[in-house]
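Beneath this line is the structure, given in structure tokens, with notes to follow.
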Amino acid sequence: MNYLHSYGILIFGLFFMNSPKTNIITFGCRLNACESDRIKEIAEESGVVDFTVINTCAVTAEAERKLRRTIRRLHNENPKVKIILTGCASELNPADYMKMDGIVGIISNKNKLLKSEYLKYAFGRPTKSTERPKKVRGFLQIQNGCNHGCTYCIVRRIRGRNVSFPEEDILSGAKALLQKGYREIVLTGVNVSSYGQDLNPRKNLASLVGYLLKNLPELNRLRLSSLDPADIDDDLIEIIKSEERLLPHIHESVQSGNDTILQRMMRRHTRSRVIETNEKILALRPDAVFGADIIAGFPTETDEMFADTRRLLTEAKLSLLHVFPFSARPGTPAARMPQVENKIIRSRAAELKKAAREILFRKLSDQIGKDLTVLAETPVSAKTDSFLPVRSSEAMIVGNEYLFRCESVDKNVLVGRPVKEK
Ligand code: SF4
199 MNYLHSYGIL
209 IFGLFFMNSP
219 KTNIITFGCR
229 LNACESDRIK
239 EIAEESGVVD
249 FTVINTCAVT
259 AEAERKLRRT
269 IRRLHNENPK
279 VKIILTGCAS
289 ELNPADYMKM
299 DGIVGIISNK
309 NKLLKSEYLK
319 YAFGRPTKST
329 ERPKKVRGFL
339 QIQNGCNHGC
349 TYCIVRRIRG
359 RNVSFPEEDI
369 LSGAKALLQK
379 GYREIVLTGV
389 NVSSYGQDLN
399 PRKNLASLVG
409 YLLKNLPELN
419 RLRLSSLDPA
429 DIDDDLIEII
439 KSEERLLPHI
449 HESVQSGNDT
459 ILQRMMRRHT
469 RSRVIETNEK
479 ILALRPDAVF
489 GADIIAGFPT
499 ETDEMFADTR
509 RLLTEAKLSL
519 LHVFPFSARP
529 GTPAARMPQV
539 ENKIIRSRAA
549 ELKKAAREIL
559 FRKLSDQIGK
569 DLTVLAETPV
579 SAKTDSFLPV
589 RSSEAMIVGN
599 EYLFRCESVD
609 KNVLVGRPVK
619 EK
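Sequential numbering of the sequence shown, starting at 199, is according to the working numbering.
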């Protein structure tokens, strides 16, 4: 996980999971979303009723501005609101947040999954949620923290060093998600591609994927969250090639297409590494689709450097893009670098987003006439194995897999109908 990844998901990461008892609001990344699922269960089991728990994000100043706006709005709407904060922003500035109206408590990041923390607030009768999950994708955390020092990132300071979870624990977590009815599991964490680097004997993400698929014959759909291009090794490429159940959607935290900017970000890959890696994967797994996080307007970025990034989108065949205007995070080295003008940042971000839409349209148009496997997320929407968005003209059952006939593209969504249930 990193700046882009979490900031990105902020866009679609405002999850209001309104259980009748506890209101959970999630900011930030897939890891936060994964933890929020667990917090919801723990809060209900603890009888934390009529509270709002906000799992916060501190990846950019913008993320915290949105959080403060949300807290103020909740308090304006209901002056009796009781808000418990957890996550990276409240971890970073607990005293500031405790001063805000409506805040009744803060739970630290490391204790956010401890029942004892919620019992302190419990007034209601504990309940066990029996409802079938509304989501089709279950997030499974495999590690926490990060050992790297990207110059725009504050996450490492909050979440600490890379800690890989034991394979056995991850396996039982996966079994629990399958028992709850999830059809797809997404491996998530702060930096999943550094999995196993701290273990003795050392392991890697590929070995974990192999271990899970070997021990879970019933698991048909395993997806990886964002990968650090520097950690996509031959083992991982080999298992992407050989394991059909590992879904062909490779999302990379690329950030820039210019090597000087990548050095100033203290990223560990070069633009040619991304191009070569994706070429290798595509040659071995032709149905692979690449996504990427890209920062627009990183400090000192010139027009020529930006042009390198613009070109990389096609050179590395990146189809599913998260484009983020640089937003300085106080306390990071990047915030002390000479900044690019805001209007230039915004125009570069707009140019990349436009390019991203055109690239995705071409990618989707290439699928017309094909039958692709999809997982239904709602009766009329789904995603393909390679994470392309789909809209159906016929109703589907949420959580079921279908062979889907792609007939046209509308507003950058593949349109068609299910031809067979899988
Ligand atoms: S320091 Fe770690 S978490 Fe932060 S952006 Fe870099 S790789 Fe990601």
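We treat Cβ as the ideally placed atom computed from N, Cα and C, and that holds for glycine.
Go through its chain and collect everything with a Cβ distance to R509's Cβ below 7 Å, but skip five positions before and after it.
For the purposes of this step, residue 509 is taken as the residue at position 311 of the sequence shown. Excluding positions up to five away in sequence, the list reads G455.
Is any non-hydrogen atom of the ligand SF4 found closer than 7 Å to the C-beta of D429, if you look at the structure I gave you?
For the purposes of this step, residue 429 is identified with residue 231 of the sequence shown, where counting begins at 1. No - the ligand SF4 has no heavy atom lying nearer than 7 Å to the Cβ of D429.
Quick check on DSSP: helix, strand or coil for F559?
Walking along the sequence shown from the start, residue 559 turns up at place 361. In the structure shown, F559 adopts helical secondary structure according to DSSP, grouped into three states.
Using a threshold of 7 Å, is the CB atom of V390 nearer than that to any non-hydrogen atom of the ligand SF4?
In the sequence shown, residue 390 corresponds to position 192, counting from 1. Not under cutoff, so the answer is no.
Less than 8 Å separating the beta-carbons of G303 and C255?
Start at 1 with the first residue of the sequence shown, and residue 303 comes out as number 105. Start at 1 with the first residue of the sequence shown, and residue 255 comes out as number 57. Not closer than 8 Å, so no.
How many Å lie between R270 and E239 at the Cα?
One-based indexing of the sequence shown puts residue 270 at position 72. One-based indexing of the sequence shown puts residue 239 at position 41. In this structure, the straight-line span from the alpha carbon of R270 to that of E239 is close to 26 Å.
In angstroms with no decimal places, state the Cα-to-Cα distance between L445 and I437.
By one-based count along the sequence shown, residue 445 stands at place 247. By one-based count along the sequence shown, residue 437 stands at place 239. Rounded to whole angstroms, L445 to I437 spans 11 Å at the Cα level.
Which first and last residues belong to the beta strand (DSSP E) in which N221 is found?
Here residue 221 is taken as the residue at index 23 of the sequence shown, counted from 1. Its beta strand (DSSP E) spans residues 220–224.
Taking 7 Å as the cut-off, is the beta-carbon of D467 closer than that to any non-hydrogen atom of the ligand SF4?
As a position in the sequence shown, residue 467 is number 269, starting the count at 1. For clarity, residue 467 is His in the given sequence; the question names Asp instead. No, Cβ of H467 sits at least 7 Å from all heavy atoms of the ligand SF4.
Going by DSSP in three states, L422 sits in which element: helix, strand or coil?
On the sequence shown, residue 422 is found 224 positions in, with the first residue counted as 1. In the structure shown, the three-state DSSP call for L422 is strand.
Assess, as a yes-or-no matter, whether the segment 478–491 is touched by the segment 220–228 under the definition of 3 or more beta carbon pairs within less than 8 Å.
They do not touch, by the three-pair rule.
Tell me, please, which residues DSSP counts as bridged to K581.
Your numbering for residue 581 matches position 383 in the sequence shown. Beta-bridge pairing links K581 to L573, P587.
Taking buried to mean at least 16 other C-beta atoms within 10 Å of its own C-beta, is A618 buried or exposed?
By 1-based counting over the sequence shown, the position of residue 618 is 420. The identity of residue 618 in the sequence shown is Lys, whereas the question assumes Ala. It counts as exposed.
With DSSP as the reference, label P331 as helix, strand or coil.
In the sequence shown, residue 331 corresponds to position 133, counting from 1. In this prediction, P331 has a pLDDT of 48, which is less than 50 and means its spatial position is unreliable; what the coordinates show is noted afterwards. The answer is coil: DSSP assigns P331 none of H, G, I, E or B.
Tell me the DSSP secondary structure of S606 in three-state form.
By 1-based counting over the sequence shown, the position of residue 606 is 408. Strand at S606.
If we ignore side chains and look at the alpha-carbon of each, how far apart do L460 and A532 end up?
Walking along the sequence shown from the start, residue 460 turns up at place 262. Walking along the sequence shown from the start, residue 532 turns up at place 334. About 12 Å.
Counting only the same chain and skipping the five closest in sequence on each side, list residues whose C-beta sits under 6 Å from that of E315.
Taking the first residue of the sequence shown as 1, we reach residue 315 at position 117. Result list for E315: I305, N309, in chain order.
Less than 8 Å between the beta carbons of A553 and F524, yes or no?
As a first step, residue 553 is located in the sequence shown; it is residue number 355 there, counting from the start. As a first step, residue 524 is located in the sequence shown; it is residue number 326 there, counting from the start. No. Outside cutoff.
My output table needs one value for T512: the three-state DSSP class, helix, strand or coil.
For the purposes of this step, residue 512 is taken as residue 314 along the sequence shown, with counting starting at 1. Per DSSP, reduced to three states, the secondary structure at T512 is helical.
When you measure from the CB of G347 to every non-hydrogen atom of the ligand SF4, does any distance come out below 7 Å?
Mapped onto the sequence shown, residue 347 falls at position 149. Taken from the Cβ of G347, at least one heavy atom of the ligand SF4 lies inside 7 Å.
Just to confirm, is the Cβ distance from I557 to E605 under 8 Å?
Counting from one through the sequence shown, the residue named residue 557 turns up at place 359. Counting from one through the sequence shown, the residue named residue 605 turns up at place 407. No, Cβ-Cβ distance for I557 and E605 is not below 8 Å.
Q453 by DSSP, collapsed to three states: which one?
Numbered from its first residue, the sequence shown carries residue 453 at position 255. The answer is strand: DSSP assigns Q453 an E or B state.
Cβ-heavy atom distance between V353 and the ligand SF4 below 7 Å?
Start at 1 with the first residue of the sequence shown, and residue 353 comes out as number 155. Checking the Cβ of V353 against the ligand SF4 gives yes.
Compare the C-alpha of I435 against each of R466, L403, L411 and name the closest.
Position 237 of the sequence shown, counted from the first residue, corresponds to residue 435. Of the candidates R466, L403, L411, the one whose C-alpha sits nearest the C-alpha of I435 is L403.
Can the beta-carbon of L573 be found less than 8 Å from the beta-carbon of E599?
As a first step, residue 573 is located in the sequence shown; it is residue number 375 there, counting from the start. As a first step, residue 599 is located in the sequence shown; it is residue number 401 there, counting from the start. Their beta carbons are under 8 Å apart, which means L573 touches E599 by this criterion.
Measuring straight from C-alpha to C-alpha, what distance separates M535 and R555?
Translated into the one-based positions of the sequence shown, residue 535 becomes position 337. Translated into the one-based positions of the sequence shown, residue 555 becomes position 357. Distance between the alpha carbons of M535 and R555: 31 Å.
Here's a check: name, in chain order, each residue in its chain whose Cβ is nearer than 6 Å to the Cβ of N418, leaving out the five neighbours to either side.
Position 220 of the sequence shown, counting from 1, holds the residue named residue 418. The answer, listed in chain order, is R443.
For the alpha helix (DSSP H) holding L229, just list the boundary residues, first then last.
Start at 1 with the first residue of the sequence shown, and residue 229 comes out as number 31. First-last of the alpha helix (DSSP H) with L229: 228–244.
Taking 7 Å as the cut-off, does the CB of C344 come closer than this to any heavy atom belonging to the ligand SF4?
As a working mapping, residue 344 is identified with position 146 in the sequence shown. Yes; taking the cut-off as 7 Å, the Cβ of C344 has a heavy atom of the ligand SF4 nearer than that.
Given 7 Å as the limit, tell me if D426 has its C-beta closer than that to any heavy atom belonging to the ligand SF4.
As a working mapping, residue 426 is identified with position 228 in the sequence shown. At least one heavy atom of the ligand SF4 is nearer than 7 Å to the Cβ of D426, so yes.
Could you spell out where the beta strand (DSSP E) holding D491 opens and where it closes?
As a working note, residue 491 is residue 293 in the sequence shown. 487–494 is the extent of the beta strand (DSSP E) around D491.
Alpha carbon to alpha carbon, how far is S424 from E539? Give it in angstroms, no decimals.
Taking the sequence shown and counting its residues from 1, the one referred to as residue 539 is at position 341. Taking the sequence shown and counting its residues from 1, the one referred to as residue 424 is at position 226. Rounded to whole angstroms, E539 to S424 spans 29 Å at the Cα level.
What residue from L283, P616, P528 has the CA that sits closest to T571's CA?
Within the sequence shown, the letter at position 373 stands for residue 571. Checking every option, the nearest Cα to that of T571 belongs to P616.
Along the beta strand (DSSP E) that carries G408, what are the first and last residues, could you check?
Here residue 408 is taken as the residue at index 210 of the sequence shown, counted from 1. It is not in any beta strand (DSSP E) - G408 instead sits in the alpha helix (DSSP H) that spans 403–413.
Among all the DSSP beta bridges, which residues are the ones paired with T250?
Numbered from its first residue, the sequence shown carries residue 250 at position 52. DSSP lists N221, I281 as partners of T250.
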